[in-house]
Structure formats: C-alpha cells, structure tokens
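To keep things clear, I will list the structure first and then write my remarks on it.
Numbering (my numbering), first residue to last: 4 to 298.
So, in structure tokens, the structure goes:
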C-alpha cells in the first residue's frame, strides 16, 4: 500500500505538489486567523453571530435584533442605500421632517416609549449642530458679525488690542459653535424642567429641548447660506431672534399636541422657557465677551 501510494505520488509533478501544499497552508492560516466569535457562530448555526444568544425560529435575534446572516450582494447594498433615504421615520431625513413638522408627536412617542421608529434624537442633534458649525465657519458668518461689533466699539474709543480680541472672540465662537451651543443645552433643559414639572422630569425635559434644538439647528442650517447672508449680520439679532422664535413656536406645539395641555398654558410655558433660555444665552455671552475683550 505504501509503495503504491509512493509511486502514485512520484508520478505527480513536483510543481503540483507545491501548489497543493501552499493551498493547504493558506487554508490553515485562514482558519487560524478567523475571529473566535465568528468561528463559534458559524460552527453553531443555532447561535446569533452578533451576540451569541440562542436563536429561536425566526428572521431576527430576539436579544440584539441581528438579522440572520446572508451573503452581501449588490442588490442588498442598493436596498440599504435606498432604505436610508426612503424609510418614513427612522432615517435621518425622515426624522428631520418629523422634527420640523410634527415635534409634538415625536416627543409624545418618546415619552410613551415608542422610540424604535425614530432615528436617535441625541445623535441627530450632534450631527446637525456639527453641520451648522461647518457651514458657519465656511461662510465666515460669525467673523462678519464680529466686524460689526468692532465698528461699534471702535466708535467708543476701544484700543487696537481690544479690537483684535473682538475679532478673535467671534472667530472662536464660529469655530466652536457646536461646543458653545451644546454646553448651553443642559441649562435650557433645567429651565424647561422647572416650568413643566411635575409632568416632566429632568431627562424628559432634556429630550424636549433636544427636539426643539434640532428644529432650530435645521432652520439655522437653511438660513445661514440664504437669509442671514443678506439681513442676518447685525450683532446679536439674527440667531438670537431665530432661536427665540423657534423655541416659542415649538414648545407651544409640544405643550399642546405632545403633552396634552390647553393652548393657554401651552403658550404661557413656552414663553417663559423661551425668555429664560434667551436671557441665559445673553448673560453668558455678555460676561464671556467683556471678560475676554476688556479683561
């Protein structure tokens, strides 16, 4: 037996033996380099490939929502791309429309626990604030506002060093607008919590401000390259007026349609929160500006 196998092996050219050995080595290395969780999942078809939980009959894992695996194809990729832009609620564009058009419904659904249908509101706010920052920086919007402030305080006898610090201050505001605005958000939520308690706790009030803030940032994103390039360069008037108007309108809609209050109380609470948020923004900006420019 051994001799016959030796003769049969000897009959095969040496280059073919080399190819066979290389193929076996590659297969061995591929199996050795495979991640442990993948090898375990593929060797155990009854386990989820994502979390390792036992899979009952069905299409999705009940533990993490992972879909049963299938090989990726061009059709699947195209379906996912189209799904991002056409899904009614959960896509970014779908959620943006819901925030602008139906803020009361969004807040009500979240408070009632119907959250799976929506894009993550906190992630959405981070994305849209970052996009607004990029647009404002590219258009040099806050630097142009700073030029108006420079002209105003130059008439009052400000020194060249102070005028230079004004320019630097507004450059920083534009560059770090996302950080500045997000730091103000917990304070706005604190005011909303005090006004809407005990119906809302602080976390629920924070969510409400996140939804309203998302609507403001979306409208600001539209206004920066259009309206604000014409009439929005007066210091302190454009963005502050837009934010105050959005807060008043959207808090009223949320109070009436999301929290079930009558129109009178809904408007009254919206006015109070809008005034407190506006005063907070103005006071912090006033103190920071005067400390940085005038020492």
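Heads up, the beta-carbon is just placed ideally off N, CA and C, and yes, glycines get one too.
Every value quoted in this text rests on a predicted model; they were computed, and no experiment measured them.
Taking 8 Å as the cut-off, the Cβ atoms of residue 266 and residue 272 do not count as close. The Cβ-Cβ distance between residue 106 and residue 208 does not fall below 8 Å.
Nearest C-alpha to residue 133 among 145, 178, 157 and 257: 178. Residue 277 carries a helical assignment under DSSP once its states are collapsed to helix, strand and coil.
Across the structure, residue 143 and residue 255 are spaced so that their CA atoms are roughly 33 Å apart.
Between the alpha carbons of residue 281 and residue 50 lies a gap of roughly 54 Å. Here residue 50 carries a strand assignment [DSSP, helix/strand/coil].
In terms of Cβ geometry, residue 138 and residue 224 form a close pair [threshold 8 Å]. Look at the beta carbons and you see the region 195 to 215 touching the region 106 to 123: at least three pairs across the two are nearer than 8 Å.
Taking C-beta atoms under 8 Å as the contact rule, residue 202 and residue 262 qualify, at a distance of about 6 Å. Out of 164, 56, 249 and 200, the CA that lies nearest to the CA of residue 298 is found in 164. Burial check for residue 101: the Cβ neighbour count within 10 Å reaches 16 or more, so the residue is buried.
Within a 10 Å sphere around the beta-carbon of residue 182 sit fewer than 16 other beta-carbons, which makes this residue exposed.
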